[in-house]
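Residue 0 is where the sequence shown starts when you use numbering that gives the first Met the number 0, and the numbers rise one by one after that. Glycine residues also receive a C-beta, built at the ideal position from the N, C-alpha and C atoms.
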Amino acid sequence: MIAILTIIFALILLFLGSYLLSHRNKQFMYFDPTQQPGLKTMMTFWGAEFLLVAIVCVAVAITGNEVWTIIILTIGSFSGTFMLMTMTRFLYKK
0 MIAILTIIFA
10 LILLFLGSYL
20 LSHRNKQFMY
30 FDPTQQPGLK
40 TMMTFWGAEF
50 LLVAIVCVAV
60 AITGNEVWTI
70 IILTIGSFSG
80 TFMLMTMTRF
90 LYKK
């Protein structure tokens, strides 16, 4: 059961990473990476990081090691939190 949930978590990370990487050169939501080079760099970093964590997450789900599952789920959760915290500094910059 935990392997299925871990794979679902990896799919969410895969979606977020691919979304961030695909929107580096166009406006999305409130943000415009073409006007803010720091935002473009941040989106590249977090998009690649999410994809890497998603790949490791699938590998850990296949092996079934509970300790590594907890570690990678924690890393993925903190990554999402830190990404949102770094994105807030671009909210009011024009």
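| Query | Result |
| --- | --- |
| Can you tell which of N64, L13, L38, K25 has its C-alpha closest to the C-alpha of M0? | N64 |
| Just the Cα atoms here: how many angstroms apart are T62 and L90? | 40 Å |
| Can you tell me the Cα-Cα spacing of Y18 and Q34, whole angstroms? | 19 Å |
| List the whole-angstrom C-beta distance separating H22 from M42, where the pair is believed to meet the contact cut-off of C-beta under 8 Å. | 7 Å |
| Since F81 is in the alpha helix (DSSP H), which residue starts that stretch and which ends it? | 65-86 |
| Opposite F89 in the DSSP bridges: which residues? | Paired residue(s): none; F89 is not in a bridge. |
| What does the Cβ neighbour count give for A9, buried or exposed, with the cut at 16 atoms within 10 Å? | buried |
| Should V66 be counted as a contact of the ligand PLP given a C-beta to heavy atom distance under 7 Å? | This structure does not include the ligand PLP; it has no bound ligands of any sort. |
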